[in-house]
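Trainee: Going down the list, the protein sequences come from chains Z and S.
Read in order, the letters of the first sequence are residues 1 to 332 in UniProt numbering.
Read in order, the letters of the second sequence are residues 1 to 332 in UniProt numbering.
We put the CB at the ideal spot given by N, CA and C, even for glycine.
There are 2 protein chains.
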Amino acid sequence: MASVLPASNKSMKSDRNTNVGKKFVHVQNPYLDLMDEDILYHFALGTKTHNLPVMFGDVKFVCVGGSSNRMKAFALRMHKELGCEGDGEEMKDICAGTDRFCMYKTGPVLSISHGMGVPSISVMLHELIKLLYHAQCCDVTIFRIGTSGGIGIEPGSVVITDTAVDSFFKPRFEQVIMDSIVTRSTELDRDLAEELFTCSKDFPHFPTLIGHTMCTDDFYEGQGRLDGALCSYSREKKLDYLKRAYKAGVRNIEMECTVFAAICGRCGIKAGVVCVTLLNRLEGDQITTPHDVLVEYQQRPQLLIATFIKQQLGLCRTPPPAPASPERTLQC
Amino acid sequence: MASVLPASNKSMKSDRNTNVGKKFVHVQNPYLDLMDEDILYHFALGTKTHNLPVMFGDVKFVCVGGSSNRMKAFALRMHKELGCEGDGEEMKDICAGTDRFCMYKTGPVLSISHGMGVPSISVMLHELIKLLYHAQCCDVTIFRIGTSGGIGIEPGSVVITDTAVDSFFKPRFEQVIMDSIVTRSTELDRDLAEELFTCSKDFPHFPTLIGHTMCTDDFYEGQGRLDGALCSYSREKKLDYLKRAYKAGVRNIEMECTVFAAICGRCGIKAGVVCVTLLNRLEGDQITTPHDVLVEYQQRPQLLIATFIKQQLGLCRTPPPAPASPERTLQC
């Protein structure tokens, strides 16, 4: 799949502006085009060592999630759903040269892990967006499929995020740039959220809803858990906080959505967040659900996104109202 | 190694206070002892499913680092250095039930990965400290061995952190607890840093120094890199920031040390941070050093910590001035 380039592949960028009407992935960094080479260190990929346009130029959907096992499972699911040859077991981790992230590609679908928390997904997103830029990708949609804690909803529910909010229930991401703080918008694509919700009606065996998702920088104290190594507040204070979050429209809590929305938004990539809830935080803090039930829960966002992608590609029985590129030929 | 407990192992805690003079790992959470069971979700371990005192009661040293491959390599190194039987290849990942973190044990040494960034290491530390608490561990020292960007020092230099500082060069960690912010101390053990520096004199083939380490929440904009997907500042502004950091005593930048110092400090665990620098940020942003050289660099903190642990255990030719427990018998 990979191929080594004998020289810089900068000349390949020349036709970027000839594709009128296409929405190319863009970066917001005037220095990037001045670089002779760009090493995507945490992917173990680079512009001089890999032919990124050939490897990734056809990517239209990127799915990211915290766990490497889950993202491999999603890639295998897409491989099967898209009708690619073989059982997918021969699928290689494109980032095998590093253990920071894993990456799999099936046709126009890229599946990547991002670890836990804002800093980890932020590293991944910078390098992913540079990769898509170098590869001259256009009309890309990116999904985060994850796990979360629910507030006031049944465990196993799938939440499609309409608004990503911080610990203060505000739709913002505070980016520290050296020693200054810049506040960024965390807007996500509302139409995409609605389309995903429509798609979820194909799966009546689990509840799906649209709601706000809160992003925290900590799983224990940050989310008001009573079961961490440190806890300096009361059960009453915890419940008061979670109830206020619910009242503000928050239906689930995870640890990546604000920076995901902020970075994708700035680079012109349509973005959606779909997480399953593993527990109802108003009922407890520990994840006591049996392993096999948790495994099934974690497949729900995958099932929804895989079906949505198939609809967009015109591969479902019920095609979407306006498929992105119905004439596309898949190359698995 | 693991064993399933037929009932709660709470009774095992009864002799905790009879060991006068030992410094037990403690938690700061009054709710924890009220729980019938504690599931360490991101380790796939629990107090009802695993006999934590039997599995971990003899742990005296914990080494943590971002990369799972590196922490496995460190465990294999310790296995060999401690003279344990076999080549270590049969060593099992204790957290094999999850892909969030990996964990290996060799005698009294635990080796654990923590991913990238403050939120990720924070999840790991909460569960690690609860594990050490449930296992009734005492006199534990914890090291973070990592990679970092250097400022004004030769690539490959090893920095022993005396003070962990934030992006504003302040020795503090701002913990968001629900919707309030608490500032915590990031003090590390100064004596430990000095002892590590003394130990480093055994390795004249690489430079080692003591300095401040800066922790950021972002690898690109947070550290003033010019090669991310987003960059809204000039090269001059970047260099000005890095030079001000140098003037404030900062010699390297990574993404975990402040919360590591803050949490370990609050739980009474002696903690040290030892990172190798992969580049000099005053010279550039990209990590262009050849792979084999980077691999050798990454072994330097491991070599230093492994030697220090051996000294503490009385297993070196040059014993330390005051070994912790010279009479200890290792059980690999």
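By the 7 Å beta-carbon criterion, what residues does the stretch 284-304 of chain Z contribute toward chain S?
Mentor: Result list: Gln286, Ile287 and Thr288.
Trainee: With a threshold of 8 Å, are at least 3 pairs of Cβ atoms found where one atom belongs to the stretch 280-295 of chain Z and the other to the stretch 146-156 of chain Z?
Mentor: Output reads yes: the stretch 146-156 of chain Z touches the stretch 280-295 of chain Z.
Trainee: Closer than 8 Å, CB to CB, is histidine 212 of chain S near chain Z or not?
Mentor: Output row for histidine 212 of chain S: interface = no.
Trainee: With respect to the beta strand (DSSP E) encompassing arginine 172 of chain Z, which residues constitute its N-terminal and C-terminal limits?
Mentor: Where arginine 172 of chain Z is concerned, the enclosing beta strand (DSSP E) stretches over 172-177.
Trainee: Helix, strand or coil, according to DSSP, for glutamine 312 of chain S in the structure here?
Mentor: Looking at glutamine 312 of chain S - three-state DSSP - the assignment turns out to be helix.
Trainee: According to DSSP, is arginine 244 of chain Z helix, strand or coil?
Mentor: Arginine 244 of chain Z: helix per DSSP, three-state reduction.
Trainee: Please classify threonine 141 of chain S as buried or exposed, where buried requires at least 16 neighbouring CB atoms within 10 angstroms.
Mentor: Buried: at least 16 other Cβ atoms inside 10 Å.
Trainee: Leaving out five residues on either side along the sequence, give the residues of the same chain with a beta carbon under 6 Å from the beta carbon of isoleucine 181 of chain Z.
Mentor: Here the set comprises Glu174.
Trainee: How about cysteine 316 of chain S: is its C-beta nearer than 8 Å to some C-beta of chain Z?
Mentor: Not one chain Z Cβ lies under 8 Å of cysteine 316 of chain S.
Trainee: Could you check the C-alpha separation between leucine 192 of chain S and leucine 125 of chain Z for me, to the nearest Å?
Mentor: Cα to Cα, the separation comes out at about 37 Å.
Trainee: In the DSSP assignment, what residue or residues form a beta bridge with leucine 209 of chain Z?
Mentor: DSSP, once it has assigned bridges, lists Z:Val159 as partnering leucine 209 of chain Z.
Trainee: Using the three-state DSSP reduction, which class does threonine 183 of chain Z fall into: helix, strand or coil?
Mentor: DSSP places threonine 183 of chain Z in strand when its eight states are reduced to three.
Trainee: Between serine 8 of chain S and chain Z, is there a C-beta pair that is closer than 8 Å?
Mentor: Confidence is the limiting factor: at serine 8 of chain S the pLDDT is only 39, short of 50, which leaves the residue's position unreliable and the question unanswerable from this model.
Trainee: Can you list, in chain order, the residues of its chain with a C-beta nearer than 7 Å to that of leucine 196 of chain Z? Leave out the 5 residues immediately preceding and following it.
Mentor: So the qualifying residues of the chain are Ile160, Gly272, Val274, Leu304 and Phe308.
Trainee: Taking glycine 249 of chain S and glycine 211 of chain S to be in contact with their CB atoms under 8 Å, please state how far apart those CB atoms are, rounded to whole angstroms.
Mentor: Glycine 249 of chain S to glycine 211 of chain S, Cβ: 6 Å. Contact.
Trainee: Within the 8 Å Cβ cut-off, does phenylalanine 219 of chain Z reach chain S?
Mentor: Interface residue, yes.
Trainee: Could you work out which residues of chain S lie near asparagine 69 of chain Z, taking near to mean beta carbons separated by less than 9 Å?
Mentor: In chain order: Thr98 and Asp99.
Trainee: Using 8 Å as the threshold, is the C-beta distance between glycine 268 of chain Z and valine 62 of chain Z below it?
Mentor: Cβ distance not < 8 Å, so glycine 268 of chain Z and valine 62 of chain Z don't count as in contact.
Trainee: Given this structure, state the Cα-to-Cα distance separating cysteine 84 of chain S from serine 111 of chain S, to the nearest angstrom.
Mentor: The straight-line gap from Cα to Cα measures roughly 15 Å.
Trainee: Tell me, please, whether the CB atom of phenylalanine 308 of chain S is closer than 8 Å to any CB atom in chain Z?
Mentor: Phenylalanine 308 of chain S does not count as touching chain Z.
Trainee: Would lysine 130 of chain S pass as a contact of valine 27 of chain S if the rule is Cβ separation under 8 Å?
Mentor: Yes.
Trainee: Residue range of the alpha helix (DSSP H) that phenylalanine 260 of chain S falls in?
Mentor: First-last of the alpha helix (DSSP H) with phenylalanine 260 of chain S: 257-266.
Trainee: Assign alanine 96 of chain Z to buried or exposed, taking buried as 16 or more other Cβ atoms, counted over all protein chains shown, within 10 Å of its Cβ.
Mentor: Per the 10 Å Cβ criterion, exposed.
Trainee: I want to see whether chain Z comes within less than 8 Å of valine 27 of chain S, judged by CB atoms only; does it?
Mentor: Valine 27 of chain S counts as touching chain Z.
Trainee: In this structure, what does DSSP give as the bridge partners for glycine 272 of chain S?
Mentor: According to DSSP, which records beta bridges pairwise, glycine 272 of chain S is partnered with S:Phe143.
Trainee: Give me the Cα-Cα distance between aspartate 87 of chain Z and threonine 106 of chain Z, rounded to the nearest whole angstrom.
Mentor: The straight-line gap from Cα to Cα measures roughly 12 Å.
Trainee: Considering cysteine 63 of chain S, what are the terminal residues of the alpha helix (DSSP H) in which it resides?
Mentor: Per DSSP, cysteine 63 of chain S belongs to no alpha helix (DSSP H); it is in the beta strand (DSSP E), 61-65.
Trainee: If you follow the beta strand (DSSP E) that serine 113 of chain Z is part of, which residue opens it and which one closes it?
Mentor: First-last of the beta strand (DSSP E) with serine 113 of chain Z: 109-113.
Trainee: Residues of the stretch 177-190 of chain S in Cβ contact with chain Z at a cutoff of 7 Å, in chain order, please.
Mentor: Answer in chain order: Ile177, Met178 and Asp179.
Trainee: What residue range is occupied by the uninterrupted beta strand (DSSP E) comprising arginine 251 of chain Z?
Mentor: Where arginine 251 of chain Z is concerned, the enclosing beta strand (DSSP E) stretches over 250-254.
Trainee: Which class does glutamine 286 of chain Z belong to by DSSP, given the choice of helix, strand or coil?
Mentor: If DSSP states are grouped into helix, strand and coil, glutamine 286 of chain Z belongs with coil.
Trainee: Is there a Cβ of chain S sitting closer than 8 Å to that of residue 348 of chain Z, yes or no?
Mentor: Residue 348 of chain Z lies beyond the stretch modelled for chain Z, which goes from 1 to 332, so this question has no answer here.
Trainee: Could you tell me the distance, in whole angstroms, from the CA atom of glycine 314 of chain Z to the CA atom of proline 290 of chain S?
Mentor: Answer to the nearest angstrom: the Cα atoms are 45 Å apart.
Trainee: Could you spell out the range, first to last residue, of the alpha helix (DSSP H) harbouring threonine 198 of chain S?
Mentor: That run of the alpha helix (DSSP H) goes 190-200.
Trainee: Let me check understanding here. Comparing Cα to Cα, which of S:Lys22, S:Ile39, S:Ile287 and S:Gly21 lies closest to glycine 228 of chain Z?
Mentor: Taking only the C-alpha atoms, the option nearest glycine 228 of chain Z is S:Ile39.
Trainee: Which of the three DSSP states, helix, strand or coil, is assigned to glutamine 298 of chain S?
Mentor: It is helical.
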